[in-house]
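Colleague: Line by line, the protein sequences give chains A and B. Numbering of the first sequence is given in the numbering used here, commencing with residue 1 and proceeding in unit increments. Numbering of the second sequence is given in the numbering used here, commencing with residue 664 and proceeding in unit increments.
2 protein chains.
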Amino acid sequence: MPASDDAFIHPLFLGPAAENHEILEKLVVEFLRDHVYWRRNFHPEDGQRIPTTAVNQPEFQDFLARTKKELYKLSADLKSAVPFFHPRYIGHMTADLLLPGVVARILTTLYNPNNVSDEAAAVTVDRELRVGTQLARMFGYATESKNEPCAWGHLTSGGTVANYEALWNFNSVKFYGIALQAAAHGFDVEFENMGPLDKRLSEYTKWELVNLSLDQTIALRRQISERLRVHGDAEDHFRFAKAVRGERIETRGNAAFFLEHSELKPPVVLVPASAHYSWEKGMKVLGLGRANLIRVEVDGHMRLDPIDLRTKLDAAFSNRVPVLAVVGVLGTTEFGNIDPIHEIVAVRKDCRERGWDFGLHIDAAWGGYLMSMFRETDGSFRDRDEMRSEHRYFPSDEVHAAFSAVREADSITVDPHKLGYVPYAAGAFIARNREIVDFLTQKAAYVFDLGDAQKETPMDTKLRGLGQYILEGSKSGAAAASVYVTHKVMPLDQTGFGQLMKKTIGTCEFFWDEARERAERWKDRVTLTVPFEPDTNLVCLAINPAGNTSLAAMNRFGRAIFASMKVDANRPVQVKTFIGSYTSLTKDNVGGPQADRILDDLGIDRATFRTLPKDPEREADHIFLLRHTLMNPWLQSKVEDRNYVEMYWDFLDELIDGALEDV
Amino acid sequence: MPASDDAFIHPLFLGPAAENHEILEKLVVEFLRDHVYWRRNFHPEDGQRIPTTAVNQPEFQDFLARTKKELYKLSADLKSAVPFFHPRYIGHMTADLLLPGVVARILTTLYNPNNVSDEAAAVTVDRELRVGTQLARMFGYATESKNEPCAWGHLTSGGTVANYEALWNFNSVKFYGIALQAAAHGFDVEFENMGPLDKRLSEYTKWELVNLSLDQTIALRRQISERLRVHGDAEDHFRFAKAVRGERIETRGNAAFFLEHSELKPPVVLVPASAHYSWEKGMKVLGLGRANLIRVEVDGHMRLDPIDLRTKLDAAFSNRVPVLAVVGVLGTTEFGNIDPIHEIVAVRKDCRERGWDFGLHIDAAWGGYLMSMFRETDGSFRDRDEMRSEHRYFPSDEVHAAFSAVREADSITVDPHKLGYVPYAAGAFIARNREIVDFLTQKAAYVFDLGDAQKETPMDTKLRGLGQYILEGSKSGAAAASVYVTHKVMPLDQTGFGQLMKKTIGTCEFFWDEARERAERWKDRVTLTVPFEPDTNLVCLAINPAGNTSLAAMNRFGRAIFASMKVDANRPVQVKTFIGSYTSLTKDNVGGPQADRILDDLGIDRATFRTLPKDPEREADHIFLLRHTLMNPWLQSKVEDRNYVEMYWDFLDELIDGALEDV
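#1: What's the C-alpha gap between A:Met631 and A:Tyr89?
#2: List the residues of chain A that B:His1005 touches, going by C-beta distances under 7 angstroms, in chain order.
#3: Alpha carbon to alpha carbon, how far is A:Met490 from A:Leu360?
#4: What is the residue span of the alpha helix (DSSP H) that B:Gly1255 lies within?
#5: Evaluate B:His894 with the Cβ neighbour count: other Cβ atoms within 10 Å of its Cβ, from every protein chain shown; 16 or more gives buried, anything less gives exposed.
#6: For B:Gly1031 versus B:Gly994, is the C-beta spacing smaller than 9 angstroms?
#7: Just to check my reading of the structure: B:Thr772 and A:Val102 have Cβ atoms closer than 8 angstroms, yes? What is that Cβ distance to the nearest angstrom?
#8: Taking its Cβ as the centre, do 16 or more other Cβ atoms sit within 10 Å of B:Asp1304, making it buried, or is it exposed?
#9: Nearest-angstrom Cα distance between B:Gly1018 and B:Leu877?
#10: Could you check whether the Cβ of B:Phe833 sits closer than 9 angstroms to any Cβ belonging to chain A?
#11: Touching or not, the stretch 934 to 950 of chain B and the stretch 824 to 837 of chain B, by the rule of three or more beta carbon pairs under 8 angstroms?
#12: In this structure, how does DSSP classify A:Ile106 when only helix, strand and coil are distinguished?
#13: Taking A:Gly328 as part of the beta strand (DSSP E), name the residues at either end of that continuous run.
#14: Could you tell me which chain B residues have their CB closer than 7 angstroms to the CB of A:Phe60, listed as they occur along the chain?
#15: Let me know the alpha helix (DSSP H) ranges lying completely inside the stretch 297 to 384 of chain A, each 4 residues or longer, listed in chain order.
#16: Can you check which of these residues, B:Val692, B:Gly816, B:Asp781, B:Ala1064, is closest to B:Asp1073 by C-alpha distance?
#17: Residues in its own chain within less than 7 angstroms of A:Val526 by CB, not counting five upstream and five downstream?
#18: Which whole runs of the beta strand (DSSP E) in the stretch 1045 to 1114 of chain B are 3 residues long or more, in chain order?
#19: Helix or strand or just coil, what does DSSP make of A:Phe510?
#20: From which residue to which residue does the beta strand (DSSP E) around A:Phe624 run?
#21: Grouping DSSP H, G and I as helix and E and B as strand, with all else coil, what is B:Met664?
#22: Under DSSP, the alpha helix (DSSP H) around A:Asn555 begins and ends at which residues?
#23: Just tell me which of A:Gly506, A:Thr486, A:Thr507 has its CA closest to the CA of A:Phe665.
#24: Say whether the stretch 509 to 525 of chain A touches the stretch 299 to 319 of chain A, bearing in mind that this needs 3 or more beta-carbon pairs closer than 8 angstroms, one atom from each stretch.
#25: Does the structure place the stretch 134 to 144 of chain A close enough to the stretch 709 to 725 of chain B that three or more beta carbon pairs sit under 8 angstroms?
#26: Going along the chain, which residues of its own chain have a beta-carbon closer than 7 angstroms to the beta-carbon of A:Asp6, five neighbours each way excluded?
#27: Hey, how far is the Cα of B:Ser820 from the Cα of B:His1080?
#28: Check this for me: beta carbons of A:Pro633 and A:Leu24, under 9 angstroms apart or not?
#29: When you compare only the Cα positions, how much space is there between A:Thr251 and B:Asn955?
#30: Between the Cα of B:Lys1151 and the Cα atoms of A:Val55, A:Asp397, A:Leu74, A:Gly15, which residue gives the shortest distance?
#31: Is there a Cβ of chain A sitting closer than 9 angstroms to that of B:Phe1174, yes or no?
#32: Residues bridged to A:Lys199 by DSSP?
#33: Got a sec: which bits of the stretch 744 to 755 of chain B sit with their beta carbon under 9 angstroms from any beta carbon on chain A, in order along the chain?
#34: Within 10 angstroms of the Cβ of B:Asp781, are there 16 or more other Cβ atoms? Answer buried if so, exposed if not.
#35: So what does DSSP say about B:Asn1306, is it helix, strand or coil?
#36: Using three-state DSSP, classify B:Arg958 as helix, strand or coil.
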């Protein structure tokens, strides 16, 4: 790759050797002073609270000395921190930080806004809502207030919380129709010609109500509100709203709700077998039950298998089990693979024709920012052939089709602190239809004391009371400022973030080519495989000493290699040549045929892969893999004549030699 | 208060006029450079990735220009930020930031550790666990590994998430006995002489099992594990563990679990009527149901009424309803009041004698740090009389007794980003018995591939995989560093944080005295009341124009006054004399007798306080109050001859005049 291609990266980061240190320091100092003098402008007539002589007092000096002592200790200990910023780090999903984001984060920290509501964050709640819009637009959602539906989004402490939020949002809407119907019973107002089936509300079956789409339930709620406005008075409206609240699953609790509506079964959620463990945690935490998380098999690309999805959905719906959500993963944690979102959308279309509905959520914690490559500046979706001309393999037909269908999803998780290259903690939850927030708030919709009893607060104003509509409460406004500024400087399209994403994909293609070349070259010593062809910018490797057939032995061999690449706070980081990560395939996340294929390719006896190993010397309950996150933009940069990817493979070569001696 | 008393505050903060700006700037620059040169020490042989000439390239300059433009815009907009740092801000629960914490936060941000596990945060996961220990020790928990139980704690994004975590933790343990019993059915191993009743596991009733204490269930789990170790082989153990997992409420989901165990009712949670709205949100999100959140009445001090608690517990237990938790609030959000924790502990003791148990959680998001005043350096609990000698009113007998009983609770929420004066987002969850984490993890307890199948990982090592045991996933290591350094410099006892807390209490006492004095002086113009005597450092005021009997009119009057103290991003902050906050009492959080008392004191017609106002001119569904958080350490500092509290009262005087003219 010609050097000029790298030029765009030069100003983005502090850099592996802190090359841009002057820029960072200047900006930090400038904005720190800017803050300082802002303080001076607030009631300057008050003078100083801290006398100018205070610094000379022994207790002042003592406090300062203790502060310095602790900060020196921290700074010294941080010398053992993981050098994420460097191309020699190819482990977890983190790298250097984009300068605009890191400066924005630091400068806003001094103001310490709390984005729970705009009363505590006059400026940054606005930024957070704009970040929601920026991301929503990248995903292809409509974001103008006049649009229906109009998207919204906000930051979370991370993808895990955003995933919980998806389940919470869906749950709030899914069973709302049931509550409406139960509440309407006993009210004088006639609810005729309601909803998509254009019939009396009381005539809907419960099964029909839980199979309305999110938009349909939102519309039904509005329709009923409108009917009450016309036919009832404010008190009716209030009483009705209260009755509905009383019937909701969130009021009753899951247990009482399903005891009451015994003809309904508790819902299930379908995720690919490759899904992140936060989905299991979410099912447990939200009281939905881990057993109701159904794992859809993955194919040879570690992508959700649409045929198995259909089978499992059919089974659920035929048994009258409500399906709360199907989750598609855009960039799996272990392999970066892309589920066929377009196929899930097609399956949903077919389901809807049969009167079956489910929420579609995309867990794009990792891969969300890759969307920027697919987006033109004008918002249009890029043509596959044009994109292909910039890469060796990317995007495959399936990957291109998957990204084109993202806009059909109901909500999306994306982590700015991953491929957005901003400081922790910054996850995000984006929803296609912002009216969903009316299902989440604790507050009553009407405030009677303000004189205008019938006037609802406009959505844009409402959302500023952010804490009402999200899982968390107090939250950092500095995170919002950091992400917002980053997106402004690096737009979420192919001219901005897309360029950086392209770089990571290019590195992965290079790495993968190298893997196949090395596999061939090393085949007498080891069998080296890439169990799943990379879709994006992560690659995992399995390495088996030639002739070995035992999984446990292969795992020991892999661990011996990995030992040199492991983070170890007790030794100077400087001793590390490269730092990597590992992962394991288990029977849970890789089904029979895929496991067989992978083991066969490695020459491992299938029988040594067991749920419960009896002979720990030969058998194992997992397949150990080396995992490589290729997001550092300098990985193809050359030191003398070798780039970092090549250096890594040379290093691996040595490690294999070392490990073979000990076999 | 003599000036010398203030001297200890001088070095703590940047200061209202940024008096300590040189210190902050020097430290930030020093540690920024320290980071920069650390980068230079990692593989210096690699040279530079960014050529020294890069900065001269047009695209470099263009990026830099755009970065600056956006940062200038942000910094300019932040000039409308809320000036939390200043004693003229007495609104929400935030003030200036402690310098050690803000510097630690900024410096660690450059390293960007991710505390999800020590693989991504070699240094700061350790700091986070130590913060847990620091806070646990302040609360009086045992924290040495050799202790049983031994406490642990970790940071969350805020108190809201910590509160969810309490419910999740309790739920995991409460119904574990049921799962054990169900799984044991069909295993050969005899489970005799089990648990506190020393009988066969199968002979426990379900009601007995859900009424084991947290420690008892933990002990039962161990006992069974031990029995299997002695009588079964590894495979038995594995099969049994799997069977237990299959029976757990977290696996089945709340609905299926209670359908299966139909003789059990879904559990309830008891909170004081004053509790934060995150408890409602938590009940909804966790699938427990808002209707199962039982509000215990509060007394004339806005404290949980132990008699009503007893009544409501009796009712629940007599109806065989499991009680998941009772929550005591240590510092309510609106009034800073302290629930009688000692009384709750006494009630629990009585309940236990009747075979009834519940988890006791303390929501000390606000008041947790006040505990530092009660703690001697050697860890002992301070005598009330000694403390009283330092204050006018604090601590009352009840408050002192409440703090002395905190150590009896099972878990505690506390927010370092509130009275810990560190940047957002930093909440914390502290648990008395760390063995609870074994009930939370997704992972199996045994890993067979590592050769030592029967050896459990030591707890201290396990906890480093933090993401396994908490609600969140990726999280900021910088937050942990910030809180840790702050606690090191300002120990969590009366010599450290206690001094700062004492200052806030002193300010509140001064404010309250002033309130009564003004009430008397202004009585011809307005009726001014303090509806609840302050326990700590928050005060609310109600103000009614003399002669008015309508609640709606009083609320309008209060809002007119508040309009001048409101945050408004569209006007320069400089126009604000003081910035406050407000709150409302509703029928939900203030019961009949208390509401009557408050309205009577104000001369308001009780009948104008209604759930659903029919005449919005006279009636209202809430009582509007001005709310004052008195945490700024400079509030008693004098400008010329008036301190900020006095200036505030003078300002209020003017505002009342203005509002009276418009009545």
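Quick reminder that beta carbons are idealized off the backbone N, C-alpha and C, glycines included.
Modeller: According to the structure shown:
#1: The straight-line gap from Cα to Cα measures roughly 10 angstroms.
#2: Under the 7 angstroms cutoff, chain A gives no residues; its nearest Cβ is about 28 angstroms from B:His1005.
#3: Rounded to whole angstroms, the gap between the alpha carbons of A:Met490 and A:Leu360 is 29 angstroms.
#4: Under the DSSP assignment, B:Gly1255 falls in the alpha helix (DSSP H) whose first and last residues are 1255 to 1265.
#5: B:His894 comes out exposed.
#6: Closer than 9 angstroms, so yes.
#7: That belief holds up - the Cβ atoms of B:Thr772 and A:Val102 are roughly 7 angstroms apart, short of 8 angstroms.
#8: The residue in question, B:Asp1304, is exposed, as its Cβ has fewer than 16 Cβ neighbours within 10 Å.
#9: C-alpha separation (whole angstroms): 14 angstroms.
#10: No, because no Cβ of chain A sits closer than 9 angstroms to the Cβ of B:Phe833.
#11: Judged by Cβ distances under 8 angstroms, the stretch 934 to 950 of chain B makes contact with the stretch 824 to 837 of chain B, as three or more pairs qualify.
#12: A:Ile106: helix per DSSP, three-state reduction.
#13: A:Gly328: member of the beta strand (DSSP E) spanning 323 to 329, first to last residue.
#14: The contacting residues are His673, Pro674.
#15: Runs of the alpha helix (DSSP H) inside the stretch 297 to 384 of chain A: 306 to 318, 341 to 353.
#16: Considering only alpha carbons, the answer is B:Gly816.
#17: The beta carbon of A:Val526 sits closer than 7 angstroms to the beta carbons of Ile543, Asn544, Pro545, Ala546, Ile656 from its chain, once the five residues preceding and following it are set aside; these are given in chain order.
#18: Runs found: 1074 to 1077, 1090 to 1094.
#19: DSSP, read as helix, strand or coil, puts A:Phe510 in helix.
#20: Residue range 623 to 629 is occupied by the beta strand (DSSP E) that includes A:Phe624.
#21: With a pLDDT of only 38 at B:Met664, under 50, the local geometry of the prediction cannot be trusted, and the value read off the model is given with reservation. B:Met664 falls in the coil class under three-state DSSP.
#22: According to the DSSP assignment, A:Asn555 belongs to the alpha helix (DSSP H) that extends over 551 to 562.
#23: Nothing about residue 665 of chain A can be reported from this structure: the residues present for chain A run from 1 to 663 only.
#24: Taking one beta carbon from each stretch, the stretch 509 to 525 of chain A and the stretch 299 to 319 of chain A have fewer than 3 pairs nearer than 8 angstroms; the two do not touch.
#25: Touching, no.
#26: Answer for A:Asp6: Ser637, listed in chain order.
#27: The alpha-carbon of B:Ser820 is positioned some 10 angstroms away from that of B:His1080.
#28: No, the pair does not count as a contact, with Cβ atoms beyond the cut-off.
#29: If I take the Cα positions, the gap works out to 8 angstroms.
#30: Here the closest residue by C-alpha is A:Leu74.
#31: Not one beta carbon of chain A lies nearer than 9 angstroms to the beta carbon of B:Phe1174.
#32: A:Lys199 pairs with A:Met194.
#33: Correct list: Ala744, Val745, Pro746, Phe747, Phe748, His749, Pro750, Arg751, Gly754, His755.
#34: With 16 or more other Cβ atoms within 10 Å, it is buried.
#35: Three-state DSSP puts B:Asn1306 in a strand.
#36: Strand.
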